[in-house]
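A.B. asks: Would you mind keeping the following structure in view while I ask a few things?
Residue numbers (the working numbering), protein chains in the order written: chain A, 5 to 301; chain B, 3 to 247.
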């Protein structure tokens, strides 16, 4: 497969024989790392978009207030909220929902504690408009003292920071894998040059430029790189498909993240094997030309 | 074509193996380079085919001082020089055909032309039935002829041969010498290094005699040639005379 005419018997080098497998393994690792980076980035963006469209307004109860007064206060607050530019919807959570949300802090017997539960309003925000929350907070204080707006900023920041860290780690692994590929390929090329020094000398003496010799190594790097890239891509595709199948059954950790895989992600992933072949060829050219410049002939 | 002026050769930090060497080879000339084994014939040839840099003095090839040549200039110079190495230096995994085709492929000659010219030349040196043979399957004499075919296939301006008849019988040796003479008649400058005085005596060419690290130019009768007589101009005139004759 992919045979080129060559003056150097590079295919017989034992050091080069494992190159397709090494490149294949590197491409596999790189594709898995890139998939993780893509999925995390995609999930992060989606989550960020969803959360940035939500606010919660807490309206604490007022001691001694009867049901009619409470309803009037909440309605006044809702009016202030809906009058705010960028807010597209409000929903007052019913008592059961509020109890469920507070259950971790108050337990199941919240009624018996004699605590007045606050009213919680879920507010939907137009994605491209940022409402003036400080001004809204001031207006809410007028109609419902102690009202507080929670835009989830603190929780968002922590979670996003965590996801970004995973993404950076995945990208770092990808970069390291590609650099390691370049290192291995350069090593094999230099070993090949050393093994075939005598033939290189002959082709030089009959008038070959350094680039003529380098092209022969590049042809080998292309051939082995292509074989390795093919193997690695095949294995990575099999792994991702399996992960997809298990994720659909909820059988793998972070199933939701795996399920976030979309078809468009195939294109950036397909660039990795191509990049591996290209990196192998460029690295070989640089390594061989550098080594040849140090040769006497 | 080739000019040596006060050239010395030294390997690493060792003593000078050649010193104070000055001579000129005119275009189209034919010289034997003679001397006992180990006298420095191969070293002198190495200087000419850019396989070695002089420790002192000046070497000019095709009118250019080799000390100022860049690495990227070497291939173009070497393509004008055909070399028959003493140890043949054939590429073991390539067939006789591919070994001979190597200089042409490097020079970018079309495959159709290669497939026409190479078998023709290999036929001429008596190897038309060995086109696909690997060097290891050929005798020493056959390998030598492959090496000679590789050296002359691209019609070099300068042909250097290091003991080219060392591994062949007298009949083939003389036949190869006639091949070199034919090339010389077509304008190729030829230098044949040999320690075979008998072979040298059968031809009427000038000799560069190496002894004790120095080189002396002598005529076929063994008389030293004066410096002005072997100047490039004198040789050019001589070459013209030979051509008109």
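Built from N, CA and C at the ideal position, the CB exists for glycine as well.
Predicted, not measured: the structure shown is a model, and the values here were computed from it.
Going by beta carbon distance, what residues of the same chain come within less than 7 angstroms of residue 202 (chain B), once the five residues before and after it are set aside?
C.D. replies: Looking up residue 202 (chain B) in the second chain gives position 200. The answer, listed in chain order, is 34, 36, 196, 209.
A.B. asks: Taking 6 angstroms as the limit between beta carbons, can you name the residues of its chain near residue 286 (chain A), skipping five residues before and five after?
C.D. replies: Start at 1 with the first residue of the first chain, and residue 286 (chain A) comes out as number 282. Spatial neighbours of residue 286 (chain A) in its own chain (CB-CB distance under 6 angstroms, excluding positions within 5 residues in sequence) are not present.
A.B. asks: Taking CB distances under 8 angstroms as the criterion, tell me whether residue 241 (chain B) reaches chain A.
C.D. replies: For the purposes of this step, residue 241 (chain B) is identified with residue 239 of the second chain, where counting begins at 1. Because residue 241 (chain B) sits at a pLDDT of 47, beneath the cut-off of 50, its placement in the model cannot be relied upon, and the point is left open.
A.B. asks: Leaving aside the five residues before and after residue 93 (chain A) along the sequence, list all residues of the same chain whose C-beta is less than 6 angstroms from its C-beta, in chain order.
C.D. replies: Position 89 of the first chain, counted from the first residue, corresponds to residue 93 (chain A). Around residue 93 (chain A): 128.
A.B. asks: With which residues is residue 18 (chain B) paired in a DSSP beta bridge?
C.D. replies: Translated into the one-based positions of the second chain, residue 18 (chain B) becomes position 16. The partner list for residue 18 (chain B) (beta bridge, DSSP) reads B:12.
A.B. asks: So, at 8 angstroms on beta carbons, what are the nonlocal neighbours of residue 12 (chain B) in its own chain, with the 5 sequence-adjacent residues on each side left out?
C.D. replies: By one-based count along the second chain, residue 12 (chain B) stands at place 10. So the list reads 18, 19, 57, once near-sequence residues are dropped.
A.B. asks: Once the 5 residues before and after residue 4 (chain A) are set aside, which same chain residues still bring their CB inside 7 angstroms of it?
C.D. replies: Examination of residue 4 (chain A) is not possible in this model, given that chain A is present from 5 through 301 alone.
A.B. asks: Could you have a look at residue 128 (chain A) and say whether DSSP puts it in helix, strand or coil?
C.D. replies: What you label residue 128 (chain A) is simply residue 124 of the first chain in a count that begins at 1. Of the three classes helix, strand and coil, the one that applies to residue 128 (chain A) here is strand, per DSSP.
A.B. asks: Within this structure, are the beta carbons of residue 59 (chain A) and residue 132 (chain A) separated by less than 8 angstroms?
C.D. replies: As a working mapping, residue 59 (chain A) is identified with position 55 in the first chain. As a working mapping, residue 132 (chain A) is identified with position 128 in the first chain. Not closer than 8 angstroms, so no.
A.B. asks: Going along chain B in order, which residues have a C-beta closer than 7 angstroms to the C-beta of residue 32 (chain A)?
C.D. replies: Here residue 32 (chain A) corresponds to residue number 28 of the first chain, with the count starting at 1. Ordered by position in chain B, no residue passes the 7 angstroms Cβ test against residue 32 (chain A), which lies about 33 angstroms from the chain.
A.B. asks: In the DSSP assignment, find the beta strand (DSSP E) that holds residue 94 (chain A) and state where it starts and stops.
C.D. replies: As a working note, residue 94 (chain A) is residue 90 in the first chain. That run of the beta strand (DSSP E) goes 91 to 96.
A.B. asks: Please classify residue 199 (chain B): does DSSP put it in a helix, a strand, or coil?
C.D. replies: Reading the second chain from its first residue, position 197 is the one you call residue 199 (chain B). It is helical.
A.B. asks: Is the shortest distance between the beta-carbon of residue 207 (chain A) and the beta-carbons of chain B less than 8 angstroms?
C.D. replies: Numbered from 1 along the first chain, position 203 holds the residue referred to as residue 207 (chain A). For residue 207 (chain A), the answer is yes, since a Cβ of chain B falls inside 8 angstroms of its Cβ.
A.B. asks: Does the Cβ-Cβ distance between residue 155 (chain B) and residue 123 (chain B) come in under 8 angstroms?
C.D. replies: Here residue 155 (chain B) refers to the residue found at position 153 when the second chain is read from its first residue. Here residue 123 (chain B) refers to the residue found at position 121 when the second chain is read from its first residue. Result yes, Cβ atoms of residue 155 (chain B) and residue 123 (chain B) sit closer than 8 angstroms.
A.B. asks: Could you check whether residue 29 (chain B) and residue 206 (chain B) sit closer than 8 angstroms to each other, using their CB atoms as the reference points?
C.D. replies: Numbered from 1 along the second chain, position 204 holds the residue referred to as residue 206 (chain B). Numbered from 1 along the second chain, position 27 holds the residue referred to as residue 29 (chain B). No.
A.B. asks: So, is residue 144 (chain B) buried or exposed, given that buried needs 16 or more other C-beta atoms within 10 angstroms?
C.D. replies: Residue mapping note: residue 144 (chain B) aligns to position 142 of the second chain, counting from 1. Buried: at least 16 other Cβ atoms inside 10 Å.
A.B. asks: Show which residues of chain A have a CB atom less than 7 angstroms away from the CB atom of residue 109 (chain B).
C.D. replies: As a position in the second chain, residue 109 (chain B) is number 107, starting the count at 1. Within 7 angstroms Cβ-Cβ: 211.
A.B. asks: I want to verify the contact list: residues of chain A whose CB lies under 7 angstroms from the CB of residue 50 (chain B), in sequence order.
C.D. replies: Walking along the second chain from the start, residue 50 (chain B) turns up at place 48. Those within 7 angstroms of residue 50 (chain B) in chain A number zero; the least Cβ separation is about 12 angstroms.
A.B. asks: Looking at the structure shown, is residue 93 (chain B) part of a helix, part of a strand, or coil, going by DSSP?
C.D. replies: Position 91 of the second chain holds residue 93 (chain B). In this structure, residue 93 (chain B) counts as coil in the three-state DSSP scheme.
A.B. asks: Give me the Cβ distance between residue 103 (chain B) and residue 120 (chain B), rounded to the nearest whole Å; I'm assuming they're in contact under 8 angstroms.
C.D. replies: Locating residue 103 (chain B) in the second chain gives position 101, counting from the first residue. Locating residue 120 (chain B) in the second chain gives position 118, counting from the first residue. Indeed they touch by this definition, with Cβ atoms about 5 angstroms apart.
A.B. asks: Report the residue ranges of all alpha helix (DSSP H) runs contained in full by the stretch 172 to 222 of chain B; include only those spanning at least 4 residues, in chain order.
C.D. replies: 172 to 187, 199 to 203
A.B. asks: Would you mind stating whether residue 24 (chain B) and residue 8 (chain B) have Cβ atoms separated by less than 8 angstroms?
C.D. replies: Translated into the one-based positions of the second chain, residue 24 (chain B) becomes position 22. Translated into the one-based positions of the second chain, residue 8 (chain B) becomes position 6. Yes, the Cβ-Cβ distance between residue 24 (chain B) and residue 8 (chain B) is below 8 angstroms.
A.B. asks: Counting only beta-carbon atoms, is residue 56 (chain B) nearer than 8 angstroms to chain A?
C.D. replies: Here the question's residue 56 (chain B) lines up with position 54 in the second chain. No, residue 56 (chain B) lies away from the interface with chain A (no Cβ there is under 8 angstroms from its Cβ).
A.B. asks: Is the stretch 276 to 294 of chain A touching the stretch 58 to 78 of chain A in the sense that three or more CB pairs, one from each, lie closer than 8 angstroms?
C.D. replies: no
A.B. asks: If you draw a straight line from the C-alpha of residue 174 (chain A) to the C-alpha of residue 48 (chain A), how long is it?
C.D. replies: Along the first chain, read from residue 1 onward, the residue named residue 174 (chain A) stands at position 170. Along the first chain, read from residue 1 onward, the residue named residue 48 (chain A) stands at position 44. Answer to the nearest angstrom: the Cα atoms are 14 angstroms apart.
A.B. asks: Count Cβ pairs between the stretch 177 to 186 of chain A and the stretch 270 to 283 of chain A that sit closer than 8 angstroms; are there 3 or more?
C.D. replies: yes
A.B. asks: Just to confirm the assignment, what range does the alpha helix (DSSP H) spanning residue 100 (chain B) have?
C.D. replies: As a first step, residue 100 (chain B) must be located in the second chain, where it is residue number 98. Here the alpha helix (DSSP H) through residue 100 (chain B) covers 98 to 108.
A.B. asks: Hey, residue 216 (chain B) and residue 65 (chain B) are a contact pair by Cβ (cut 8 angstroms); roughly how many whole angstroms apart?
C.D. replies: Your numbering for residue 216 (chain B) matches position 214 in the second chain. Your numbering for residue 65 (chain B) matches position 63 in the second chain. The Cβ separation is near 25 angstroms, so there is no contact.
A.B. asks: Given residue 48 (chain B), which residues of its chain have a CB within under 7 angstroms of its CB, disregarding the five upstream and five downstream residues?
C.D. replies: Indexing the second chain from 1 puts residue 48 (chain B) at position 46. So the qualifying residues of the chain are 54.
A.B. asks: Look up residue 252 (chain A) in the DSSP assignment and say whether it is helix, strand or coil.
C.D. replies: Locating residue 252 (chain A) in the first chain gives position 248, counting from the first residue. Correct three-state label for residue 252 (chain A): helix.
A.B. asks: Helix or strand or just coil, what does DSSP make of residue 1 (chain A)?
C.D. replies: Residue coverage of chain A in this structure runs from 5 to 301, which leaves residue 1 (chain A) outside it and unanswerable.
A.B. asks: Determine the direct distance from the alpha carbon of residue 237 (chain A) to that of residue 268 (chain A), and round the result to whole angstroms.
C.D. replies: Within the first chain, numbered from 1, the residue matching residue 268 (chain A) stands at position 264. Within the first chain, numbered from 1, the residue matching residue 237 (chain A) stands at position 233. Each residue's Cα considered, the two are about 16 angstroms apart.
A.B. asks: So what does DSSP say about residue 83 (chain A), is it helix, strand or coil?
C.D. replies: Here the question's residue 83 (chain A) lines up with position 79 in the first chain. In this structure, residue 83 (chain A) counts as helix in the three-state DSSP scheme.
A.B. asks: 8 angstroms is my cut-off, CB to CB: does residue 290 (chain A) come that close to chain B?
C.D. replies: Taking the first chain and counting its residues from 1, one reaches residue 290 (chain A) at position 286. No, residue 290 (chain A) lies away from the interface with chain B (no Cβ there is under 8 angstroms from its Cβ).
A.B. asks: In its own chain, which residues sit with a C-beta less than 6 angstroms from the C-beta of residue 120 (chain A), not counting the 5 before and 5 after it?
C.D. replies: Your numbering for residue 120 (chain A) matches position 116 in the first chain. Answer for residue 120 (chain A): 65, listed in chain order.
A.B. asks: Classify residue 61 (chain A) as helix, strand or coil using the three-state DSSP reduction.
C.D. replies: The residue you call residue 61 (chain A) lines up with position 57 of the first chain. In this structure, residue 61 (chain A) counts as strand in the three-state DSSP scheme.
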